[in-house]
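Residues in the sequence shown are numbered from 320 upward in steps of one, following my numbering.
Backbone N, C-alpha and C define an ideal beta-carbon position, used for all residues, glycine too.
Predicted model, so just to flag it, every value in this text is computed and none were measured.
Quick notes on the structure that follows.
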Amino acid sequence: MKRNILTTMGILILIAFAFQGLFGAVAGILLASIIGIVYGTVKHDKAFVKWSAVALVISILCIITFYLLLNAYMV
Numbered sequence: 320m321k322r323n324i325l326t327t328m329g330i331l332i333l334i335a336f337a338f339q340g341l342f343g344a345v346a347g348i349l350l351a352s353i354i355g356i357v358y359g360t361v362k363h364d365k366a367f368v369k370w371s372a373v374a375l376v377i378s379i380l381c382i383i384t385f386y387l388l389l390n391a392y393m394v
């Protein structure tokens, strides 16, 4: 089951990257990390939850940085 979840997460990231480029990869990681947190919580897998939470925080930081830089260059 864990292999299926990891495969689904990888497919989400690749599809998002293919359609939207670099920002799509960040959005794909965001979705995959949310799926990972839910799966880890249901299966009581602490390592899976920990690394999914790390990926979630990194993707949120990337999105915030993107919008801050976008606003800085638009002004």
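Counted as a single uninterrupted DSSP element, the alpha helix (DSSP H) harbouring GLY355 occupies residues 341 to 362. If you check the CB distance, ALA344 and ILE330 do not come in under 8 Å. Taking a contact to require three or more Cβ pairs closer than 8 Å, the segment 354 to 364 and the segment 386 to 394 do not qualify as touching. Counting along the chain, the unbroken alpha helix (DSSP H) around VAL373 starts and ends at 365 to 393. Rounded to whole angstroms, ILE324 and ALA351 show a C-alpha spacing of 9 Å. In this structure, DSSP gives MET328 a helical state, which the three-state scheme calls helix.
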